[in-house]
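To convert a position in the sequence shown, counted from 1, into the numbering used here, add 29.
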Amino acid sequence: MTYSIAEAASSSGLSIDTLRYYERIGLVEPPARDPGGRRAYSDDDMAWLGFLTKLRTTGMPIRRMREYAHLRHAGLATAGRRKEILIEHRSDVLERIAELQNCLEVLNYKVANYERCERDLAGQEPYLVHEESA
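Structural data, given as structure tokens:
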């Protein structure tokens, strides 16, 4: 199956401009063209776009994505280095998850605190309400 650039953009969550940019900087190989000369993305192209989207969503810099893409294009001889890049990135992602988990715990604490305040206030007269520090 083939996908137009609009379909590829919609399916991948990337904009048409981003797809063209990725092609221009070498992250994406130029896709085949249909008889009308329009880009025709294959299922393999779509899988690669999906992977690139995951890398970008998890914070991998474009520079590192380009390195990975160039190594991928070079073939199996570069599998070791590609694995290293992904292991390093996975470590960064795990650190970020831990940081976000800590932030979530603080937010949960604050929400629970405000819920407790709301319950306490529901039983008080308005003139007895004191503002707590945030």
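Glycine residues also receive a C-beta, built at the ideal position from the N, C-alpha and C atoms.
If we ignore side chains and look at the alpha-carbon of each, how far apart do residue i and residue j end up?
i, j, result
"GLU36", "ASP74", "12 Å"
"ARG110", "ILE126", "24 Å"
"GLU52", "LEU81", "12 Å"
"LEU129", "HIS118", "16 Å"
"ASP46", "LEU136", "36 Å"
"PRO90", "ARG49", "18 Å"
"CYS132", "LYS112", "30 Å"
"LEU157", "GLU144", "In this predicted model, LEU157 has a pLDDT of only 49, less than 50, meaning its place in the structure is not dependable enough to derive any value."
"THR87", "GLN153", "47 Å"
"ASN142", "SER120", "33 Å"
"GLU124", "ARG92", "20 Å"
"GLU58", "ALA108", "19 Å"
"GLY66", "VAL122", "40 Å"
"ALA103", "GLU134", "44 Å"
Exposed or buried, residue i, counting other C-beta atoms within 10 Å across all chains shown (16 or more means buried)?
i, result
"VAL140", "exposed"
"LEU78", "buried"
"MET30", "exposed"
"PRO60", "buried"
"TYR138", "exposed"
Check the C-beta distance from residue i over to residue j and give it rounded, since I have them as a contact under 8 Å.
i, j, result
"GLU96", "ILE116", "Not a contact, Cβ separation roughly 14 Å."
"ALA106", "LEU56", "Between LEU56 and ALA106 the Cβ distance is about 20 Å, and since that is not below 8 Å, they are no contact."
"MET94", "ARG85", "7 Å"
For this session: May I ask you to verify whether the region 62-71 touches the region 33-49, counting CB pairs closer than 8 Å and requiring at least 3?
Result: yes
For this session: Identify every run of the beta strand (DSSP E) within the region 52-105, keeping only runs that are complete inside it and at least 3 residues long; order them along the chain.
Result: none
For this session: Run through the region 106-151 for me and flag every whole beta strand (DSSP E) of 3 or more residues, listed as ranges in chain order.
Result: none
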